[in-house]
Every structure is written in structure tokens, then in C-alpha cells.
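Residue numbers (our numbering): -11 to 187.
In C-alpha cells, the structure reads:
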């Protein structure tokens, strides 16, 4: 009985050590360098005729967020952002504008703040568009959008669906602009950010 009790105590101690190590690893944070690429897929849609500055949106990581070969947050991780600028196009003149940035990423059930570059899209006013559709070899609608004011966000995207599908950020009525659900947007971290590893 005594030996059995010792064995149980040893097993419990070993499991405790493993648990403590796992919790410590989960709590430990990894520094992600400034400039790290964050590619997201929009869940919500944004429209310059409906949204206002401060409105929030939900998206998910399209690719793993990682440092070297270490995955910090896998594809599908929830991210949140907001509009820093939203301008509806005027009747006679003026361009529709949307400026987006990421604010948070959810890892292990906790939201951690992010500071990223902005993604900006605008029309050029009446009868003009900053975005145009290009059909890629895979048959997906791809867009190259204009960047307003020299923003650092890459105005690129691929629309989900078949050829001729909905544009990622299309001028609406020649003036209003939209960033639609399923759009792929790329941001960059503005400075080094410490995040825990997703478990």
C-alpha cells in the first residue's frame, strides 16, 4: 500500500509539473516585429454611404500570424478593427472614402490590442473610380485599389466566388465605395507587439 501511495504521489507530481509548464508556455509572450504582415478576410461589410468613423468591424486571419516558423495565431483567428475615416460621396462632387485599421486580436479567449497600418480606399468623384477589376488565371475577381493620401496598407484583394464575382472594394454609383464581406485586406504591424501563443 505504501508503494502504491508513493506511485500515486509521483504521478500527481509529474502531472502538476506538466500542467504548470503548459500554463507558463501559454502565458509567455512572443515579440512580433514591426512590419509583420497581417492578412485578413472581412466578415462584415463596410459602405461609405452607411458607415461613420468609429464604426467597428469583425474579420479573421487569412494566413497564420507567425514569427519565423512559430505560429502565434492560426488562420481563422478572430480580429477586430474600426473605421478611422468614413466619408459619403456628395451629390455634385466629392469622393466616397473608407479608412480601416485593426485594433484587436483574440488569442485563447482574450483580446489583445494591435496597432497597424491603415487600408484606405476612395473614389475619385463623379463618374470616376479608383478601383478596377482584373480577372486572374484562377477565374477569381481581383482588384487593385487606389490608396488615398499615401497610406501604407496594400490595396489588394481577391473576391471569393467565380469569375465576375463581387468586387473587393468597388466604387458604388461611381462615387460611393464598399469593402465587402470576404474581401482580403493586408495590414502591417506599426511596432513590435508581444502576444501569447494560441493553444
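Using N, Cα and C, we set each Cβ at its ideal position, and we do this for glycine too. Here the structure is a predicted model, which is why all the values come from computation and not from measurement.
Inter-residue Cα distance where the pair is residue i and residue j
i	j	result
residue 96	residue 78	44 angstroms
residue 174	residue 28	6 angstroms
residue 36	residue 110	9 angstroms
residue 19	residue 47	23 angstroms
residue 127	residue 87	Confidence at residue 127 is low in this model, with a pLDDT of 31, below 50, so its placement is unreliable and the value that follows should be read with caution. So the alpha carbons of these two residues sit roughly 28 angstroms apart.
residue 93	residue 63	12 angstroms
residue 75	residue 166	11 angstroms
residue 72	residue 65	23 angstroms
residue 39	residue 164	11 angstroms
residue 41	residue 105	16 angstroms
residue 186	residue 169	25 angstroms
residue 16	residue 180	16 angstroms
Among the options, nearest to residue i - alpha-carbon criterion
i	options	result
residue 61	90, 38, 50, 71	50
residue 107	178, 56, 17	178
residue 171	84, 32, 185, 66	32
Own chain, CB closer than 6 angstroms to residue i, minus 5 neighbours either side, in chain order
i	result
residue 144	Note that residue 144 scores a pLDDT of 37, beneath 50, so its modelled location is shaky; the value from the coordinates is reported in the next line. Hits under 6 angstroms: none found.
residue 53	60, 61
Residues bridged to residue i [DSSP beta-bridge criterion]
i	result
residue 92	68, 101
residue 63	None, per the DSSP bridge assignment.
Cut-off 7 angstroms between Cβ atoms - residues of its own chain near residue i, not counting five sequence neighbours on either side
i	result
residue 91	68, 69, 70, 101, 102
Counted within 10 angstroms of its Cβ, other Cβ atoms place residue i as buried (16 or more) or exposed
i	result
residue 44	exposed
residue 23	exposed
CB contact below 7 angstroms: residue i versus chain D
i	result
residue 60	Of the protein chains in this structure there is only one, and it is not chain D.
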